[in-house]
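Student: Dropping the structure in here first, questions after.
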Amino acid sequence: MEGHLMAKSIIGGVVGGVTQKAPSAYGRARGRVNLPWGAGPNTAEAQLSAMGSVGTLFAIVHRTSNATSQVDWKLWRKSPDQRRKFGPVDDRRIEVTKHAALDLWNNPNPFMTRQHLVETVQQHIDLVGEGPIVIYRDPRSPLPLELWPVRPDRITPIPGDDFLAGYIYTGANGEQVPLSVDDVIHLKMPNPLDPYRGLGPVQAAMVDLDSARFSAEWNRNFFINSAEPGGIIEVPDRLDDDAFRELTERWREQHQGVAQAHRVAVLEQGTWKDRSMSQRDMQFVQLRGLAREVIREAFGIHGHMLGNSQDVNKANAEAGEISFARWLVKPRCERIKQALNHRLLPMFDATDLEFDHDRVVPEDREADDRERTSLADAAKTWVEAGFDPAAVLAYLGMPDLPYVGPPQKASTGAPE
C-alpha cells in the first residue's frame with residue numbers, strides 16, 4: 000500500500016498550493032479537533048484503539064461493520080425517464096453484469112475482497128467518524144485500478160480556494176505523500192465543528208469508554224493484588240533503607256498475587272490500615288452497566304443485537320432486528336452508495352449507471368400486502384373516476400397488466 004502511495008509523488012497528482020487558505024466560511028485549525036474533557040487524549044489513534052480495549056464497543060462496531068459488509072451490490076443502467084421507483088413491483092433499470100467499475104468494486108485490490116474493504120472502512124467510520132479510501136492508478140491510464148482503505152489519522156485534508164486542495168498521507172515512517180482530490184474518496188459523518196473531518200459516536204462517548212476501561216483495569220488490579228483492598232503498613236519508628244527494603248520484599252514474596260491470597264500476614268512492630276474502597280463501595284456492577292448503556296445509546300443499537308437476552312421475546316427481538324437494519328445498516332450502505340455513484344463512477348465516465356445495494360431491511364410481508372392492497376384500491380378509484388387505466392398504472396408504479404375480462408363460467412350442459 001505504502002509503495003503505491005509513494006509512487007504517487009513521482010507519478011503525479013501532487014497537491015498544488017498546500018499553503019492556500021480555506022474559504023472564510025469554512026475556516027478551521029489545521030489539526031483535528033480534540034474534545035477538552037476526559038482522562039486521556041481524544042485523538043483519532045485513541046479512538047481506533049478503543050475498539051480493542053472495551054468489549055461493548057468491540058461488539059457494536061463488529062456488528063455494524065460486519066452487517067454492512069454482508070450486503071450485496073449491483074450495477075444498474077438508469078431508467079430512461081429517471082422516474083423514481085414507487086414500489087418493489089416497479090424497477091425499470093437494467094442490471095449491468097460486466098463493467099470495469101463493477102470489477103473494481105468486487106475486487107478492490109490484490110489483497111482484499113469487497114467485504115474486507117467495506118468492513119474496514121466502516122470500522123474507521125464508526126470509530127473515528129470518517130473512512131478514507133485511496134485510489135491507485137496506473138500512470139498510463141486515468142482509470143482507477145485499486146481501492147485501499149487507510150487509517151483516518153494518516154490522512155490530512157488540505158483546505159484550498161475551492162474548499163479542498165487535496166490531502167496529505169503520512170506513512171508509517173513519517174514520509175508525507177501529497178494526494179489530489181481525485182485520489183481519495185473520503186466517506187465521513189458530518190462534523191458540525193469541522194467540515195473537513197468526521198465526527199462519530201466514539202468521540203461523544205469517549206469519557207464513558209475511558210470509565211469502562213479504567214474500571215475494568217481497577218478490577219483486574221484488585222485480583223492481582225491478592226483480591227484485597229490496598230492499605231498501609233504503619234510502623235512506630237522510622238525505617239532505614241535496608242529495613243524498608245527487607246519489609247517490602249518479604250511482603251511481596253508472601254502476599255502479592257492471586258496465588259498468595261488469604262495467607263496469614265505477620266507484621267513485626269507494624270500495623271495494617273486499609274486505605275481504599277472495596278468493590279462494593281465502587282459500585283462496579285452499576286458503573287459498568289451504566290457505561291454499557293451510554294455506549295449503546297451513542298450508537299443507537301438495541302441490546303438484543305449484542306446478545307442481551309433480558310426481557311426479550313420474539314416480538315421485541317424482531318423489532319430490534321428491523322430497527323438495526325433500518326437505522327444502522329441501511330444509512331451506512333446509503334453513505335457508501337452515494338460515494339460510489341458521485342465519486343467513483345464519474346471516473347469511468349459512467350453517468351448513465353448507478354450502484355445500488357440489495358434490500359437491507361428484512362421483508363415485512365404484512366406491510367407489503369397492505370401496500371399492494373392500497374395500490375389496487377387507489378387504481379380502482381382512479382379508473383372508476385374516468386382516468387385512463389394505463390396512465391393510472393404507470394403513475395402508481397404498477398405493472399401494465401393486459402385486461403381480458405372476467406373468466407367465463409364453464410358450461411355444464413344443463414338447460415338455462
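Letter 271 of the sequence shown, counting from 1, is numbered 270 in numbering that gives the first Met the number 0, and no numbers are missing. Just so it is clear, CB atoms sit at the ideal spot from N, CA and C, and this is done for glycine as well.
Mind checking which residues open and close the alpha helix (DSSP H) that includes Lys329?
Tutor: Note, Lys329: alpha helix (DSSP H), Lys329 to Ala338.
Student: For Leu339, I'd like the list of residues in its chain whose CB is within less than 6 Å of its CB, leaving aside the five on either flank, ordered along the chain.
Tutor: For Leu339, where only same-chain residues beyond five positions count, the Cβ hits under 6 Å are Phe354.
Student: Thr55: which of Tyr168, Val201, Arg291 and Arg136 sits nearest, CA to CA?
Tutor: Taking only the C-alpha atoms, the option nearest Thr55 is Arg291.
Student: Tell me the rounded alpha-carbon separation between Leu126 and Asn190.
Tutor: The straight-line gap from Cα to Cα measures roughly 14 Å.
Student: Going by DSSP, what residue range makes up the beta strand (DSSP E) through Pro200?
Tutor: Not the beta strand (DSSP E): Pro200 falls in the alpha helix (DSSP H), residues Pro200 to Ala203.
Student: Leaving out five residues on either side along the sequence, give the residues of the same chain with a beta carbon under 7 Å from the beta carbon of Ala324.
Tutor: Taken in chain order, the residues that qualify are Val359, Val360 and Pro361.
Student: Just how far apart, CA to CA, sit Ile124 and Arg371?
Tutor: Approximately 38 Å, taken between the alpha carbons.
Student: I'd like to know if the region 102–122 and the region 161–171 are in contact, where contact means that at least 3 CB-CB pairs between them fall below 8 Å.
Tutor: No, because fewer than three Cβ pairs between the region 102–122 and the region 161–171 fall closer than 8 Å, the two stretches do not touch.
Student: Taking the alpha-carbon of Asn41 as reference, which of Asp207, Val149 and Gly170 has the nearest alpha-carbon?
Tutor: The shortest C-alpha separation from Asn41 is found at Asp207.
Student: Can Ile93 and Trp104 be called in contact, C-beta distance under 8 Å?
Tutor: It is not a contact, given that the beta carbons lie outside the stated cut-off.
Student: Given this structure, state the Cα-to-Cα distance separating Glu118 from Asp387, to the nearest angstrom.
Tutor: Whole-angstrom Cα-Cα distance: 49 Å.
Student: To the nearest angstrom, how far is it from the Cα of Asp193 to the Cα of Ala375?
Tutor: Cα to Cα, Asp193 sits roughly 49 Å from Ala375.
Student: At 3 residues or longer, and completely inside the region 108–182: list those beta strand (DSSP E) runs for me, N to C.
Tutor: Counting only runs of 3 or more, we get 129–136, 143–148, 154–159, 162–169 and 175–178.
Student: So what's Val360 in DSSP terms, helix, strand or just coil?
Tutor: Val360: coil per DSSP, three-state reduction.
Student: Go ahead and label Ser23 buried or exposed: buried means 16 or more other beta carbons lie within 10 angstroms of its beta carbon, across all protein chains shown.
Tutor: The predicted position of Ser23 is uncertain, since its pLDDT is 36 and thus under 50; a value taken from the coordinates is nonetheless stated next. It is exposed - the Cβ of Ser23 has fewer than 16 other Cβ atoms within 10 Å.
Student: Can you give the Cα-Cα distance for Ile167 and Pro131, rounded to whole angstroms?
Tutor: Their Cα atoms are separated by approximately 12 Å.
Student: Is DSSP giving Ile300 helix, strand or coil here?
Tutor: Coil at Ile300, not helix or strand.
Student: Can you give me the Cβ contacts of Leu352 inside the same chain, cut-off strictly under 8 Å, excluding the 5 residues immediately before and after it?
Tutor: Closer than 8 Å at the Cβ level, and outside the excluded window around Leu352, lie Leu74, Trp75, Arg76, Lys77, Val95, His98, Ala100 and Leu344.
Student: In the structure shown, what three-state DSSP assignment does Arg244 receive?
Tutor: Arg244 falls in the helix class under three-state DSSP.
Student: For Pro156 and Pro148, I'd like the C-alpha separation in whole angstroms.
Tutor: If I take the Cα positions, the gap works out to 16 Å.
Student: Between the Cα of Asp182 and the Cα atoms of Trp72, Leu395, Ala384 and Arg342, which residue gives the shortest distance?
Tutor: Closest option to Asp182, Cα to Cα, is Arg342.
Student: Can you pull the DSSP bridge partners for Leu186?
Tutor: Answer by DSSP bridge pairing, in chain order: Gly130.
Student: Could you give the first and the last residue of the continuous beta strand (DSSP E) run that contains Trp72?
Tutor: Looking at the DSSP string, the run of the beta strand (DSSP E) that includes Trp72 is Trp72 to Arg76.
Student: Just reading off the beta strand (DSSP E) that Val53 is part of, what are its end residues?
Tutor: Premise fails: Val53 is in no beta strand (DSSP E) and is neither H nor E.
Student: Between which two residues does the beta strand (DSSP E) carrying Val311 extend?
Tutor: No beta strand (DSSP E) holds Val311; DSSP gives it neither H nor E.
Student: Where does the unbroken beta strand (DSSP E) through Val95 begin, and where does it stop?
Tutor: Unbroken beta strand (DSSP E) run through Val95: Ile93 to Val95.
Student: Write down the C-beta distance between Pro141 and Ile134 rounded to the nearest angstrom, noting that I regard them as a contact closer than 8 Å.
Tutor: Contact doesn't hold; Cβ gap of about 10 Å is too wide.
Student: In three-state DSSP terms, what is Phe354?
Tutor: It is a strand residue.
Student: What number of angstroms, rounded off, separates the C-alpha of Ser68 from the C-alpha of Asp102?
Tutor: Ser68 and Asp102: Cα-Cα distance of roughly 17 Å.
Student: Residues in its own chain within less than 7 Å of Arg29 by CB, not counting five upstream and five downstream?
Tutor: At Arg29, the pLDDT of 45 sits below 50, so the modelled position is not reliable; the number obtained from the coordinates is stated separately. Nothing meets the Cβ criterion.
Student: Who are the near neighbours of Ser52 in its chain, counting only those whose CB is closer than 7 Å to its CB and skipping five residues on each side?
Tutor: Same-chain partners within the cutoff: Arg212.
Student: So, helix, strand or coil for Gly416, using DSSP?
Tutor: Residue 416 is absent from the structure shown; the chain starts at 0 and stops at 415.
Student: In angstroms with no decimal places, state the Cα-to-Cα distance between Leu186 and Gln114.
Tutor: So the alpha carbons of these two residues sit roughly 16 Å apart.
Student: Just to confirm, are Val70 and Cys332 a CB contact at a threshold of 8 Å?
Tutor: Result yes, Cβ atoms of Val70 and Cys332 sit closer than 8 Å.
Student: Which one of Thr63, Leu392 and Met346 has the shortest CA to CA distance from Ser322?
Tutor: Closest option to Ser322, Cα to Cα, is Thr63.
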